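All residue numbers for the sequence shown refer to my numbering, where the first residue is 65 and numbers rise by one.
Heads up: the structure comes next, in structure tokens.
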Amino acid sequence: MGVLGHRLLSNRLDGRHGATIPSPRRPAIRWRRATLPSPRRSGGAGKSTTMRITMGVLEADSGTTTWDGVELDASFRRSIGYMPEERGLYPKMRVGEQLTYLGRLHGLSKSAAQASSDAWTERLGVAERRDDDVQKLSLGNQQRVQLAAALVGDPALLILDEPFSGLDPVAVEVMSDVIRERAAAGVPTLFSSHQLDVVERLVDRVIIIRSGGLVADGTVEELRATGGRRWRAVVEAARLDEATALAAMAALPEPAAAPGRLPGTLELTCGGPDEQALLAVATRLGALRELGQARRGLTEVFREALAAPSPAAQSSEKKEARA
């Protein structure tokens, strides 16, 4: 597998630039630092800008984007399958005709492009819409065609920006399966998403960027292991409410209480070196049904990463300390 790298990239937006973000590596995706802007829009972290510069859609003011140490050129970019966050399809062009055309742009022969177009529309469940204009499709089916457009040229690398946006659960599973298949076939795949449940079950490695800065980086298991241990107990007690449980847990580190999955149960969690303190409180509150280490999800990791000081703020604090 190759290494996609960004070195000292800068792209100015209204005079604003200079943040640190990563670049991916597969199969054990590692990340190297680079500088890119934080877009003006709220929540913009720089991920889409990174992808656009990689594809040549945006031009960097300085720096280089490389694959295996070689700077990207138009020839290599034709071997990348790119799915932009915004719709990148011709609305008044028929689905099959458009995919065949895109396959030809990637260097396929006419017959190979036609065969690839047919295969991907079949695989993604839109074969019956091949002769329809894109604008006549639902947004979900347009998203499926958008993924087919990224795949039709038999890419050596996939870059997908929010591929699951606006999809129903069935479509999410179909597209997830396709991405897994491509990765298993040796195609390096980089995608961005805010749907952390999908990310958690799909990827090898995760990074979280905020305001253009890298704030978390690791495998799913590595990120779950951050932030210290937490313990979980499920208690059954008909008249026990969250306020009462939290009052009983007041002496425990970082206590939390929430309704359990079953009626009449509460799920209690806390920090600490072991589960003994939680066990003592739980058995006083009701019948103990479960006890063990809490499993942190990416949603919790994401919230904590966003709550931490931003990279820009940390850099400013360091400069002030040196002054």
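Each residue gets a CB set at the ideal place from its N, CA and C atoms; glycine is no exception.
Predicted model only: the values in this text are computed from it and were never measured.
*asked:* Give me, in chain order, the residues of the same chain whose beta-carbon lies closer than 6 Å to that of Thr-118; leave out the 5 immediate sequence neighbours on both sides.
replied: Counting only Cβ-Cβ distances below 6 Å, and skipping sequence neighbours, we find Thr-129.
_Segment contact flag, the segment 228 to 240 with the segment 275 to 292, C-beta cutoff 8 Å, min 3 pairs_ = no
*Neighbourhood of Glu-354 by C-beta distance below 8 Å, restricted to the same chain and skipping five residues each side*: Arg-296, Ala-297, Val-298
*asked:* From the DSSP secondary-structure annotation, give me the bridge partner or partners of Pro-323.
replied: Leu-330
_Short of 7 Å in beta carbon distance, which residues of its chain neighbour Arg-367, apart from the five on each side in sequence? Order them along the chain._
Residues of the same chain with their beta carbon placed closer than 7 Å to that of Arg-367 are lacking, with the five preceding and five following residues left out of the count.
*asked:* Tell me the rounded alpha-carbon separation between Leu-260 and Arg-151.
replied: 22 Å
_Residues that Arg-158 bridges to, as DSSP identifies them_ = Asp-197
_Reference Ala-220; option with closest CA among Arg-168, Phe-140, Pro-327_ = Checking every option, the nearest Cα to that of Ala-220 belongs to Phe-140.
_Between the alpha carbons of Tyr-165 and Gly-189, how many angstroms are there, rounded?_
20 Å
*Output the distance between the C-alpha atoms of Lys-111 and Ser-256, rounded to the nearest integer angstrom.*
7 Å
_Once DSSP output is grouped into helix, strand and coil, what is the label at Asp-13?_
Residue 13 lies beyond the residue range present for the chain, which begins at 65 and ends at 387; the question has no answer from this structure.
*Which residues in the same chain as Ala-369 place their Cβ atom closer than 8 Å to its Cβ, once the five residues preceding and following it in sequence are excluded?*
Ile-272, Arg-274, Val-279, Ala-280
*Per DSSP, what kind of secondary structure is Gly-167 in: helix, strand or coil?*
helix
*asked:* I'd like to know whether the C-beta atoms of Leu-349 and Ala-312 end up nearer to each other than 7 Å.
replied: In this structure, Leu-349 lies near Ala-312, with their beta-carbon atoms less than 7 Å apart.
*Below 7 Å CB to CB, which residues in the same chain sit around Leu-304 once its five sequence neighbours on both sides are set aside?*
Leu-330, Leu-349, Gly-350
*Please check the pair Arg-294 and Ala-248, which I expect to be a contact at CB under 8 Å, by giving their CB distance rounded to whole angstroms.*
Their Cβ separation, rounded to whole angstroms, is 34 Å, which puts Arg-294 and Ala-248 out of contact at 8 Å.
*Drop a sphere of 10 angstroms on the beta-carbon of Leu-203, count the other beta-carbons inside from all chains shown, and report buried for 16 or more, exposed for fewer.*
exposed
_Per DSSP, the bridge partner or partners of Gln-207_ = Bridge partners of Gln-207: none, in fact.
*Distance between Gly-282 and Leu-182 (C-alpha atoms, nearest Å)*: Correcting the residue identity first, residue 182 is Asp in this sequence and not Leu. Each residue's alpha carbon lies about 38 Å from the other.
_Using the three-state DSSP reduction, which class does Thr-185 fall into: helix, strand or coil?_
helix
_When Leu-172, Ala-176, Pro-148, Trp-184 are compared against Val-159, the one with the closest alpha-carbon_ = Trp-184
*Below 7 Å CB to CB, which residues in the same chain sit around Pro-148 once its five sequence neighbours on both sides are set aside?*
Asp-225.
_Cβ pair Ala-235, Tyr-146 closer than 7 Å_ = Contact: no.
*asked:* Excluding the 5 residues flanking Pro-337 on each side, which residues of the same chain have their C-beta closer than 8 Å to its C-beta?
replied: Arg-293, listed in sequence order.
*Excluding the five sequence neighbours on either side, which residues of its own chain have a C-beta within less than 8 Å of the C-beta of Arg-142, listed in chain order?*
A distance below 8 Å between beta-carbons, with the five flanking residues on each side excluded, links Arg-142 to the following residues of its chain, in chain order: Leu-169, His-170, Gly-171, Gly-217.
*Taking Glu-318 as the reference, give the member of Gly-328, Leu-326, Gly-324, Gly-291 with the closest Cα.*
Gly-291
_Suppose only complete runs of 4+ residues qualify. What are the alpha helix (DSSP H) ranges in the segment 211 to 275, listed by chain order?_
233 to 248, 260 to 266
*How big is the Cα-Cα spacing for Leu-287 and Val-262?*
15 Å
*Look up Val-345 in the DSSP assignment and say whether it is helix, strand or coil.*
helix
*Going by the CB atoms, is the gap between Leu-211 and Thr-253 shorter than 7 Å?*
No.
*Per DSSP, cross-strand counterpart(s) of Met-147*: Leu-224
*Where DSSP assigns a beta bridge to Glu-300, which residues make up the other side?*
Thr-329, Ala-351, per the DSSP bridge assignment.
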